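At position 318 of the sequence shown (counting the first as 1) the number is 317 in numbering that gives the first Met the number 0, and the numbers step up by one without a gap.
A quick write-up on the structure given underneath.
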Amino acid sequence: MYDTIEAEPNQNPSALRTLFLQKRPGAAFESTVNYLFELILETALEMREEQDKHYMLFNKIMKARVLYEKSLFGETFELLENVKLLSEKHENYHALLLAGRLELEYLLALNFPNLSEAELLRKQFKLNESLKFLRKVNEQSSLYEILKHRLLNKGYTRSLEQKNDLNDLVYSEISIVASLSPENFEISKLHQLFQSNYLISVGDYKSALRSFYELNKLFEDNKHLWNTPPVYYIYTIEGVLESLRSIRNYSGMTYFINQLKKIDNTSIDFKINITCIIFLFELFPHLDRGDFKASEELMKDYKDSLFNKLFSLNRAQQAELCLYTSLIHFGNEEYQKAHKFLSQIIIRGKSYFYLPLYRTIRMVNLMIIYKLKDFDLIKYEIRSIKRELSKSEKGYKIERFLLGFLQKEIPAMPGKRNLLWAKHHDELTEIQNDVFEQPVLRIFDFTVWIESVLKQKSLSKLLRDKIDLHNFQIEEIREKG
């Protein structure tokens with residue numbers, strides 16, 4: 000069965016059944032599948048024990064239970080003591096709590112052999128302290144999870160009112176941290192993750208970057224406490240890279256991209272996830288500068304390792320990868336290719352509708368349809384997006400502007416186009432400078448595309464000029480400082 004699956008990895012279950020029964024006529028297919036599943040799971044668990052301290056600790060606890068059942072009491076308590084010491088070293092308070100509770104239950108069953116009341120109270124005290132700590136960590140984790148859920152499902156803050164809605168989480172998180180030791184890795188990790196994600200959500204990228212730097216240093220100083228796979232470390236590096244991109248510090252991104260490349264993990268899904276992050280942040284310096292040719296060359300380099308495995312990514316990454324790939328084709332004036340890539344997401348709208356990125360995908364699709372001159376489809380899409388915006392709490396200003404812009408007939412004469420640009424220039428500048436508009440403009444600067452349409456100038460050149468102007472202003476500030 001295993002050899003059949005390995006030889007034909009892309010076959011559906013029905014085809015695999017046929018192939019297997021051809022090789023083993025009369026065999027019970029379902030029983031063989033179930034046995035193979037259990038065997039692979041057991042093998043995977045054995046391998047993980049060698050790689051992951053979490054598995055190792057809980058496996059030792061299970062061994063202690065077996066030793067106790069076989070009346071090997073001395074060995075049982077010796078192993079549980081070892082688990083407690085390792086749990087404290089690796090700050091695994093779940094294992095520490097379970098081992099401590101099991102030890103007390105076994106001591107009770109044996110009538111507390113050679114154990115004084117003072118020693119019993121000390122063990123109970125340590126157990127209660129672990130329980131209190133876990134409760135606080137759970138509360139802190141809950142706040143971070145609520146914050147991430149709001150950001151993933153509602154997007155970044157679009158107004159001062161939405162920013163204030165997050166304050167209840169901020170105050171609660173600070174209150175919990177104040178009551179705990181900041182020297183603990185788990186507490187510090189969750190605190191910095193919360194703070195940095197909150198700061199990004201409200202558009203304070205420089206403060207978020209400082210918080211992410213502190214978090215990265217925390218991880219680098221405590222590699223022995225990393226999870227397997229190191230999911231939180233990936234969140235940290237991704238946050239640093241996102242903050243660096245937001246302030247246009249592309250040179251500072253190289254070190255952290257290389258840190259991602261150094262991560263070695265046996266999980267295929269996790270490797271594809273990291274590959275996608277690496278590709279995107281190697282892409283952004285080219286894409287933000289309007290260098291669509293260099294972006295296309297980079298895309299070719301990742302054809303086998305990423306694009307051929309598109310649907311192995313989670314849906315958020317699928318959507319993100321399709322969006323940016325579509326923008327590469329759009330910048331190279333390959334509008335049919337751009338439309339084809341985005342269609343992979345739009346056609347499956349029900350699966351991606353909940354993502355904040357989905358509406359931005361539809362906005363980019365409108366630009367593509369405009370270039371394809373399918374004006375009937377543009378009208379239909381605009382009506383559909385407007386219905387969606389009417390149901391949401393608050394849309395971005397640039398979304399409403401773009402819908403209005405594409406709804407009107409754009410003059411053919413250059414003079415009239417220039418007048419239209421002059422009319423909208425101040426409003427677009429205000430949108431560009433609005434901190435609450437940055438999350439969507441960071442994905443793609445629609446204001447620059449509108450300028451390219453009205454001025455009939457190269458999108459690539461306008462994006463490059465914008466980055467050059469930003470770099471000049473930064474240099475000027477440094478010289479004055």
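Cβ coordinates follow ideal geometry from the N, Cα and C atoms, glycine included.
Computed from a predicted structure; not experimentally measured.
Residue i burial status per 10 Å Cβ neighbour count (16 or more: buried)
i, result
"residue 215", "buried"
"residue 436", "buried"
"residue 444", "buried"
"residue 13", "exposed"
"residue 188", "buried"
"residue 76", "buried"
"residue 244", "buried"
"residue 89", "buried"
"residue 1", "exposed"
"residue 424", "exposed"
"residue 39", "exposed"
"residue 43", "exposed"
"residue 412", "exposed"
"residue 197", "buried"
"residue 6", "exposed"
"residue 148", "exposed"
Distance between residue j and residue i (C-alpha atoms, nearest Å)
i, j, result
"residue 303", "residue 46", "28 Å"
"residue 263", "residue 99", "34 Å"
"residue 294", "residue 468", "21 Å"
"residue 372", "residue 408", "12 Å"
"residue 257", "residue 232", "14 Å"
"residue 35", "residue 51", "24 Å"
"residue 222", "residue 229", "10 Å"
"residue 190", "residue 397", "33 Å"
"residue 389", "residue 359", "16 Å"
"residue 255", "residue 301", "19 Å"
"residue 454", "residue 464", "14 Å"
"residue 339", "residue 346", "10 Å"
"residue 401", "residue 362", "8 Å"
"residue 133", "residue 92", "7 Å"
"residue 351", "residue 259", "27 Å"
"residue 203", "residue 61", "47 Å"
"residue 353", "residue 316", "13 Å"
"residue 268", "residue 418", "52 Å"
"residue 138", "residue 130", "12 Å"
"residue 63", "residue 117", "25 Å"
"residue 66", "residue 109", "14 Å"
"residue 441", "residue 213", "24 Å"
"residue 331", "residue 370", "12 Å"
"residue 225", "residue 59", "20 Å"
"residue 449", "residue 386", "23 Å"
"residue 105", "residue 182", "33 Å"
Start-to-end residues for the alpha helix (DSSP H) that takes in residue i
i, result
"residue 328", "314 to 330"
"residue 192", "184 to 200"
"residue 7", "Premise fails: residue 7 is in no alpha helix (DSSP H) and is neither H nor E."
"residue 412", "Where residue 412 is concerned, there is no enclosing alpha helix (DSSP H), given that its DSSP letter is neither H nor E."
"residue 27", "Careful: residue 27 lies outside any alpha helix (DSSP H) and carries neither H nor E."
"residue 172", "166 to 177"
"residue 362", "356 to 370"
"residue 97", "92 to 108"
"residue 333", "Residue 333 -> no alpha helix (DSSP H), and no H or E assigned at all."
"residue 482", "Only positions 0 to 480 of the chain appear in the structure, and residue 482 is not among them; the question remains open."
"residue 386", "374 to 390"
"residue 215", "204 to 220"
"residue 402", "396 to 406"
Presumed contact (8 Å Cβ cut-off) between residue i and residue j, rounded CB distance
i, j, result
"residue 356", "residue 381", "Wrong, their Cβ atoms sit about 19 Å apart, outside the cutoff."
"residue 322", "residue 341", "7 Å"
"residue 311", "residue 271", "5 Å"
"residue 239", "residue 208", "7 Å"
"residue 142", "residue 171", "6 Å"
"residue 168", "residue 146", "6 Å"
"residue 20", "residue 26", "7 Å"
"residue 199", "residue 135", "About 25 Å; that fails the 8 Å criterion."
"residue 15", "residue 3", "6 Å"
"residue 492", "residue 247", "No answer is possible for residue 492: it lies beyond the span of the chain, which begins at 0 and ends at 480."
"residue 86", "residue 56", "6 Å"
"residue 282", "residue 297", "6 Å"
"residue 195", "residue 178", "21 Å between Cβ atoms; not a contact."
"residue 111", "residue 119", "7 Å"
"residue 427", "residue 289", "Actually they do not touch by this definition, with Cβ atoms about 18 Å apart."
>> At 3 residues or longer, what runs of the beta strand (DSSP E) sit wholly inside the segment 415 to 468?
In response: none
>> I'd like the ranges of any beta strand (DSSP E) spanning at least 3 consecutive residues and lying wholly in the segment 49 to 85.
In response: none
>> So within the segment 261 to 293, which uninterrupted alpha helix (DSSP H) runs reach at least 4 residues, ignoring any that extend past its ends?
In response: Listed in chain order, they are 267 to 287.
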